[in-house]
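Asker: Position 67, counted from 1, in the sequence shown is what our numbering calls 104; the numbers after and before it change by one each time, with no gaps.
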Amino acid sequence: RGKGDYQIDFTPAPRITEADKSGDKRSLHRALDRRLYLLIYGPAHGSDGKPVWQFPEKAYESEKTLRKCAESALQSVIGDLSHTYFVGNAPMCHMNIQPSENDSSLKRFFFKSQVIATNKFKKCEDYVWVTKDELLEYFPKQAHYLNKMIIS
Numbered sequence: 038r039g040k041g042d043y044q045i046d047f048t049p050a051p052r053i054t055e056a057d058k059s060g061d062k063r064s065l066h067r068a069l070d071r072r073l074y075l076l077i078y079g080p081a082h083g084s085d086g087k088p089v090w091q092f093p094e095k096a097y098e099s100e101k102t103l104r105k106c107a108e109s110a111l112q113s114v115i116g117d118l119s120h121t122y123f124v125g126n127a128p129m130c131h132m133n134i135q136p137s138e139n140d141s142s143l144k145r146f147f148f149k150s151q152v153i154a155t156n157k158f159k160k161c162e163d164y165v166w167v168t169k170d171e172l173l174e175y176f177p178k179q180a181h182y183l184n185k186m187i188i189s
């Protein structure tokens, strides 16, 4: 072989994983060519204590910044944030929630973060990792807004 000639024995991993084949939405090892969004099943603000599918959330208390509040919300669900990267310090968007009979109106802020790996979940009855298309199935009333908010 001459200078600069290299032979690398490399076989790429398949994009279709066992989780894709089995339809396992609780695995991060699925839809490898798409972004996945974490939804948890449990009681949410404004749901009268009934469990619903939702993004991890937390009412703002006394955190120094909204990002710290978002980190606290995610940490309460997945525990360790060492494999998580928050993109920026500002929310990527917000949603005005209309008041119900028992609650006042509120603003829900969304922060973009990337979870590289996790397998420990707490404080939720169930969880799923969904693609953008699957996400719209969980929130049909907010589908138009979520479609504009989420790029991929």
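Glycine is no exception: its CB is placed at the ideal position from the N, C-alpha and C atoms.
1) Return the Cβ separation of Tyr78 and Pro88 in integer angstroms, given the expectation that the two are a contact with Cβ distance under 8 Å.
2) Closer than 8 Å is the cut-off here; do at least three beta carbon pairs connect the segment 97 to 108 with the segment 118 to 138?
3) Hey, would you say Ile153 sits closer than 7 Å to Arg145, going by beta carbons?
4) Which residues share a DSSP beta bridge with His131?
5) Can you give me the Cβ contacts of His181 inside the same chain, cut-off strictly under 6 Å, excluding the 5 residues immediately before and after it?
6) Cα-Cα, which of Pro177, Asn126, Ser99 is closest to Ser150?
7) For Met129, collect the residues of the same chain with a Cβ closer than 6 Å to its Cβ; drop the 5 residues on either side in sequence, then sort them by chain order.
8) Give the secondary structure of Leu69 by DSSP, where H, G and I count as helix, E and B as strand, and everything else as coil.
9) Have a look at the DSSP bridge pairing and note the partners of Asp163.
10) Taking buried to mean at least 16 other C-beta atoms within 10 Å of its own C-beta, is Thr223 buried or exposed?
11) Smallest Cα separation from Glu23: which of Gly86, Pro49, Ser64, Phe47?
12) Could you give the distance in angstroms between the alpha-carbon of Leu69 and the alpha-carbon of Ile53?
Answerer: Straight from the coordinates:
1) Residue mapping note: residue 78 aligns to position 41 of the sequence shown, counting from 1. Residue mapping note: residue 88 aligns to position 51 of the sequence shown, counting from 1. Confirmed, Cβ separation roughly 6 Å.
2) The segment 97 to 108 vs the segment 118 to 138: in contact.
3) What you label residue 153 is simply residue 116 of the sequence shown in a count that begins at 1. What you label residue 145 is simply residue 108 of the sequence shown in a count that begins at 1. In terms of Cβ geometry, Ile153 and Arg145 do not form a close pair [threshold 7 Å].
4) For the purposes of this step, residue 131 is taken as residue 94 along the sequence shown, with counting starting at 1. Among the bridge pairs identified by DSSP, His131 is matched with Phe146.
5) Position 144 of the sequence shown holds residue 181. Result list for His181: empty, nothing under 6 Å.
6) Locating residue 150 in the sequence shown gives position 113, where the first residue counts as 1. Looking at the Cα atoms, Asn126 is the closest of the given residues.
7) Position 92 of the sequence shown, counted from the start, is the residue given in the question as residue 129. Taken in chain order, the residues that qualify are Phe147, Lys149.
8) Locating residue 69 in the sequence shown gives position 32, where the first residue counts as 1. Correct three-state label for Leu69: coil.
9) As a first step, residue 163 is located in the sequence shown; it is residue number 126 there, counting from the start. Answer by DSSP bridge pairing, in chain order: Tyr78.
10) No statement about residue 223 is possible, as the shown extent of the chain runs from 38 to 189 and does not include it.
11) Since the displayed the chain opens at 38 and closes at 189, residue 23 lies outside it and no answer follows.
12) Counting from 1 along the sequence shown, the entry for residue 69 is found at position 32. Counting from 1 along the sequence shown, the entry for residue 53 is found at position 16. In this structure, the CA atom of Leu69 is about 8 Å from the CA atom of Ile53.
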